[in-house]
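One structure is given below, encoded as structure tokens.
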Amino acid sequence: MIDYLVTGEFSRIQLRVYIILAMWVVMVMAVCMDLWAGVNSARARGEVINSGGFRRTIGKLGDYWRIQVMALIFDVIGSCIPWYEYPYASMIVTAAIVLIEGRSVWENERAKKGNVAKLPAAIRDIINCTTAKSAEGLLKKIKELDDGQKAT
């Protein structure tokens, strides 16, 4: 790489930069696909969609960026070696991230089509009960259903 700087062959450096940027875009796309699959799966299961999933996605992107920067540092060091033509570390790390996110998308699809999506509304309400007030309301609802069945 130092030879390219001295001779002014910036097209070779530009190619490496473009490859690294493309790897970062692919990483962001993979994480967005996982978010999309997670939201679709939650909708199918009747879960409440809130900002928690989006926060986890942003946190995940931050973690992945740190790993990508470490790969970039490795690629910069490797560019001083004559046979290290392309940013191999960035490509390997991106492939690993895409595999991880692909598995997550696959798990979301399985959960969407699983038995959890077919739960009755009352059981789904029990699962989504997060406060004492919502639990009281749910208990009233169950008692009303129980009283209605005893009357008939």
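Under my numbering, the letters of the sequence shown match residues 14 to 165, in that order.
Yeah, the Cβ is synthetic: ideal placement off N, Cα and C, and Gly gets one too.
Neighbour-count burial assignment, residue i, 16 or more Cβ in a 10 Å radius
i, result
"I110", "buried"
"P100", "buried"
"I33", "buried"
"E157", "exposed"
Beta-carbon proximity of residue i to residue j, cut-off 9 Å
i, j, result
"V44", "K73", "yes"
"S92", "A50", "no"
"K125", "R58", "yes"
"S103", "D88", "yes"
"N141", "V61", "yes"
"M46", "E114", "yes"
"L85", "T70", "no"
Cutoff 6 Å; reference residue i; Cβ partners in own chain excluding five residues on either side
i, result
"V39", "T107"
"N198", "Past the edges of the chain, shown from 14 to 165, lies residue 198, and the structure says nothing about it."
Own chain residues within Cβ distance below 7 Å of residue i, not counting five before or after
i, result
"Y97", "G91"
- Message: Taking 8 Å as the cut-off, does the segment 24 to 35 touch the segment 48 to 55 (at least 3 CB pairs, one atom from each stretch)?
- Response: As far as the Cβ criterion goes, the segment 48 to 55 does not touch the segment 24 to 35, which means the pair count is below three.
- Query: Given 8 Å as the limit, is there contact between the segment 76 to 84 and the segment 140 to 157, that is, 3 or more CB pairs closer than that?
  - Reply: Judged by Cβ distances under 8 Å, the segment 76 to 84 makes no contact with the segment 140 to 157, as fewer than three pairs qualify.
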